[in-house]
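Protein chains in written order, with this note's numbering: chain A, -2 to 110; chain B, 5 to 115.
These notes are about the structure you will find just below.
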């Protein structure tokens, strides 16, 4: 199936830990994104990568670092997790200004305790 | 920075009703997106439009660039349409993918 897949779906971890969320797309898209959805269900862009270059970083703390080994992958690494990092994180991809818009992953619910 | 407002915040309808969700934004955009988030949490892109009108099945999206307003219509609504509908825009001159989201409209369609 053509899709954006992210793992894990759920992640529970203690404050101070370092964790990664993986994202892969097999759609051949040239741009991948990470979005954060907070407890009020509000979505906000975190990063996007186009052809392995970071083109957006929306005032995200530098504890968050996107890593893209190739065009099909954009992983999110988080250092020194804090309680406020608890949220649902969505990966997405797009092909330029494709009329099809964006394809989203199913989300990763991160809970920091 | 663009402000995206959606109305209503919550909407309850009876099966078969015609539904309209509205979205307004404050400054010029390159494109407007309608997204659907199901109770399970997954997000699906419904439409991306920069002018006029698009139709997909029972869903119709329109945009009026002059009035900075878009509507999402659902004809013959069904309980499976129950979801959160999110409007998002990309600013003129904004980096590709810099979506600015509305807070969503939670739709519940009763049988």
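By construction, the Cβ of each residue, glycine as well, lies at the ideal position given by its N, Cα and C atoms.
Original post:
In the structure shown, what three-state DSSP assignment does residue 80 of chain A receive?
Top reply: helix
Subject >> DSSP three-state assignment for residue 85 of chain B, whether helix, strand or coil >> reply: helix
Original post:
Can you list the residues of chain B that residue 104 of chain A reaches, using a CB-CB cut of under 8 Å?
Top reply: 45, 46, 47
Original post:
So what's residue 38 of chain A in DSSP terms, helix, strand or just coil?
Top reply: Here residue 38 of chain A sits in coil by DSSP.
Subject >> Any chain B beta carbon closer than 9 Å to residue 89 of chain A >> reply: yes
Original post:
Nearest to residue 37 of chain A by alpha carbon, out of B:106, B:114, B:113, B:112?
Top reply: B:106
Subject >> Under 9 Å between C-beta atoms of residue 114 of chain B and residue 19 of chain B >> reply: yes
Subject >> 8 Å Cβ shell around residue 104 of chain A - same chain, five flanking residues per side excluded >> reply: 3, 6, 34, 85, 86, 87
Original post:
To the nearest angstrom, how far is it from the Cα of residue 72 of chain B to the Cα of residue 55 of chain B?
Top reply: Residue 55 of chain B has its alpha-carbon roughly 11 Å from the corresponding atom of residue 72 of chain B.
Original post:
Which word fits residue 42 of chain B, buried or exposed, when buried means at least 16 other C-beta atoms lie within 10 angstroms of its C-beta?
Top reply: exposed
Subject >> Member of B:13, B:46, B:102 whose CA lies at the smallest distance from the CA of residue 24 of chain B >> reply: Nearest Cα to residue 24 of chain B within the set B:13, B:46, B:102: B:13.
**OP:** Determine whether the Cβ of residue 45 of chain A lies closer than 9 Å to any Cβ atom of chain B.
**Re:** Residue contact check for residue 45 of chain A against chain B: a CB pair falls below 9 Å.
Original post:
Under the DSSP definition of a beta bridge, which residues are partnered with residue 56 of chain B?
Top reply: B:67
Original post:
According to the neighbour-count rule (16 or more other Cβ atoms, all chains shown, within 10 Å of its Cβ), is residue 100 of chain A buried or exposed?
Top reply: buried
Subject >> Amino acids of chain B, ordered along the chain, whose beta-carbon sits closer than 8 Å to that of residue 81 of chain A >> reply: The premise fails here: residue 81 of chain A is roughly 19 Å from chain B at the closest Cβ pair, so nothing lies under 8 Å.
**OP:** Compare the Cα-Cα distances from residue 36 of chain B to each of B:46, B:58, B:45 and report the closest residue.
**Re:** B:58
Original post:
Apart from the five residues on each side of it in sequence, which residues of its chain come closer than 6 Å, Cβ to Cβ, to residue 29 of chain A?
Top reply: 46, 71, 90
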